[in-house]
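A.B. asks: Here's a structure for you.
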Amino acid sequence: MKITTPLTDEVIEKLKAGDKVTITGTIYVGRDSAHKRMIETLDKGGALPFDPQGQIIYYMGPAPAKPGQPIGSAGPTTSYRMDPYAPRLLAEGLKGMIGKGNRSQPVRQAMRKYKAVYFAVVGGAAALIAKRIKSAQVIAYENLGPEALRRLEVEDFPAIVVNDIYGGDAYEEGKARYARTA
Amino acid sequence: MREIGYQEIVDTVARLSMGANYYLGQDLLAALRRAKEQEESPLGREVLDQILENAQVAAEERMPLCQDTGMTVVYLELGQEAHLVGGGLTEAVNEGVRRGYEEGYLRKSVTERPFSARINTKDNTPAVIHTEIVPGDRLKITVLPKGGGSENMSYLKMLSPAAGRQGVIDFVVESVDRSGANPCPPTIVGVGVGGTVDKAMDLAKRSLLREVGAPSPDPEVVELERDILEAVNRLGIGPMGFGGRVTALAVHIETFPCHIASLPVAVNLQCHSARHKSAVL
């Protein structure tokens, strides 16, 4: 299924755990330190560096771009480290998260409550993933280096729905299908 | 006495840092291709295809295999008859890392003040350096860039000797199960059994330098590796955790004698992008 950003409820309602999608449009990039700063900003009553309504955040810290390239290798980082921050951003209107690895129960509950999805991309396929990124721009927290907040334009960026709004979880379902007893 | 120059060490560490991050070893590529044949899950096979294609793109374009180019772990085996000239050994290694990560467009992933400000050191130093003095007059340098995602999936338990072989199996399998998709499976499961706490983890990490799937020289350990690998691959986690047969490519176990009261077991998982390169000066 091809999807474009920003995400609407109508699209989110169609997505089921295990679905393969390609994403086209603008996505935002932030990981550990950028999340910490965003939440500190919200706590102080400030505004986020971008409007999260309908947007997707990709948990990633890229390798430096070589001359003439928009970005270096750009695969996902492990998502659970953003779990303490994610429900707050979902409450602010964020509709999608991209990373790898499973999410906590509070995050999964918040995804159902605010109608948001969690996608995974193949970790360690970072050179390949970079090919789907057409442009990249640092939009805030530049001094965090690889952890700065970025805006990307992506085209046919391949992802898999891990958690949908119906409680589905592609990791649990996949594991149950292939687990064997001795 | 044979002399080894500071600049030679710097150049070698820089070259190995780049090479390790661009090129997977033939042993690993062969293991990934075997995994594809064994994998029953269609999505699992697709993931393995992407991993193999990524390795090709990275090598052709000299691009990092993974954006996480790791904290740089460096193993040095220094011949006791070699004489280092022109500068300090630690400085040479860190200068090599600094240069390799800058010139190679590798990500700087090291942060100081770990529990507070977490300020990026901006050159990926300091490296974690292990130095051993060995016979001879050569210097062997091994660079292992270790990504944070798999490094975070590390476990240590001081078992009671009564727990024995089954206790080791249970702890390792439970560790892999608990880690799920986080360490980027299919992994290499590095295990250290014996020694002291620090020695056990050192063994677990050093086991990752072994050729993928090459058995231990100790037949008793070979059997344990095989039994744990079978149990791990029954878990169903599969490539990148989407379900499948191949959760681990190999289990590598290194052992060391331990105290009569102890049975330390350390687990250090290595993602499928199992990168390391060596050179001898």
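Going down the list, the sequences are from chains A and B.
Under this note's numbering, think of the first position of the first sequence as 64, with each following residue one higher.
Under this note's numbering, think of the first position of the second sequence as 733, with each following residue one higher.
Heads up, the beta-carbon is just placed ideally off N, CA and C, and yes, glycines get one too.
1) DSSP on A/Ser96, reduced to helix/strand/coil?
2) Between B/Val908 and B/Gly945, what straight-line distance do the alpha-carbon atoms span, to the nearest angstrom?
3) Going straight from the alpha carbon of B/Ile741 to that of B/Leu876, what length do you get?
4) Taking C-beta pairs closer than 9 Å, name the residues in chain A that B/Pro796 reaches, listed in chain order.
5) Please give the ranges of any beta strand (DSSP E) in the region 70-129 of chain A, keeping only runs that are unbroken, at least 3 residues long and fully inside the region.
6) Which chain A residues sit within Cβ distance under 8 Å of B/Gln770?
7) Given B/Val983, which residues of its chain have a CB within under 6 Å of its CB, disregarding the five upstream and five downstream residues?
8) Output needed in chain order: residues of the region 206-222 of chain A with a Cβ under 9 Å from some Cβ in chain B.
9) From B/Gln788 to B/Leu761, what distance separates their C-alpha atoms?
10) Say whether chain B places a C-beta atom closer than 8 Å to the C-beta of A/Met101.
11) Given 8 Å as the limit, is there contact between the region 149-157 of chain A and the region 749-763 of chain B, that is, 3 or more CB pairs closer than that?
12) Is the separation between the beta-carbon of B/Thr979 and that of B/Pro915 shorter than 8 Å?
13) Restricting to runs no shorter than 4 residues, where is the alpha helix (DSSP H) found entirely within the region 853-933 of chain B?
14) With DSSP as the reference, please indicate the residues paired to A/Gly159 in a beta bridge.
15) Using C-beta distances below 8 Å, list every residue in its chain close to B/Gly975, excluding the 5 sequence neighbours before and after it, in chain order.
16) Which residues of the region 974-1004 of chain B have a Cβ closer than 8 Å to any Cβ of chain A? Give them in chain order.
17) According to DSSP, is B/Tyr807 helix, strand or coil?
18) Could you check whether A/Ile192 and A/Val201 sit closer than 8 Å to each other, using their CB atoms as the reference points?
19) Based on the DSSP secondary-structure assignment, which residues constitute the bridge partners of B/Phe988?
20) Under 8 Å Cβ to Cβ from B/Ile985, same chain only, skipping five residues before and after it: list those, please.
21) Between A/Ile120 and A/Met160, which are expected to be in contact by the criterion C-beta below 8 Å, what is the C-beta distance as a whole number of angstroms?
22) Does the region 127-139 of chain A come into contact with the region 173-181 of chain A, if we say contact requires no fewer than three beta-carbon pairs (one atom in each stretch) closer than 8 Å?
23) Answer yes or no: the CB of B/Arg777 versus the heavy atoms of the ligand FAD, is any distance below 7 Å?
24) Which residues in chain B have a C-beta closer than 8 Å to the C-beta of A/Ser198? List them in chain order.
25) The alpha helix (DSSP H) spanning B/Ala790 covers which residue range?
26) May I have the straight-line CA-CA distance separating B/Ala932 from A/Gln132, to the nearest angstrom?
27) Taking C-beta to C-beta, are B/Met803 and B/Val842 nearer than 8 Å?
28) Measure the CB-CB distance between B/Gln782 and B/Ile865 and report whether it falls below 8 Å.
29) What are the partner residues of B/Ala1011, as DSSP defines its beta bridges?
30) Listing by chain order, which chain A residues have their CB less than 8 Å from the CB of B/Ile783?
31) Using a C-beta to C-beta distance shorter than 9 Å, which residues of chain A count as neighbours of B/Thr801?
32) Quick one: list the residues of chain A neighbouring B/Val779, beta-carbon separation under 7 Å, in chain order.
33) Quick one: using the 10 Å Cβ neighbour count with 16 as the cut-off for buried, is B/Gln898 buried or exposed?
34) According to the Cβ coordinates, are B/Asn856 and B/Pro796 closer than 8 Å?
35) Are there 16 or more other CB atoms within 10 angstroms of the CB of A/Glu76, so buried, or fewer, so exposed?
36) For B/Pro971, which three-state DSSP category applies?
C.D. replies: Result, derived from the coordinates:
1) helix
2) 17 Å
3) 16 Å
4) Ala126, Gly135, Ser136, Ala189 and Ala190
5) 83-92 and 119-121
6) Chain A residues near B/Gln770: none, gap ~12 Å exceeds 8 Å.
7) Val921, Glu957, Ile960 and Leu961
8) Asn206, Leu207, Gly208, Pro209, Glu210 and Pro221
9) 10 Å
10) no
11) no
12) no
13) 880-883 and 896-911
14) A/Ile119 and A/Val180
15) Ser773, Leu775, Gly776, Gly968 and Ile969
16) Phe974, Gly975, Gly976, Arg977, Cys1003 and His1004
17) strand
18) no
19) B/Gly926
20) Val923, Gly924, Val925, Ser939, Ser948, Val953, Leu956, Glu957 and Ile960
21) 6 Å
22) no
23) Questions concerning the ligand FAD fall outside what the structure shown contains, since it holds no ligand whatsoever.
24) By Cβ distance, chain B contributes nothing, its closest Cβ being about 17 Å from A/Ser198, past 8 Å.
25) Pro774 to Glu793
26) 43 Å
27) yes
28) no
29) B/Ile873
30) Val185, Gly187 and Ala188
31) Ala126 and Ser136
32) Val185
33) exposed
34) no
35) exposed
36) helix
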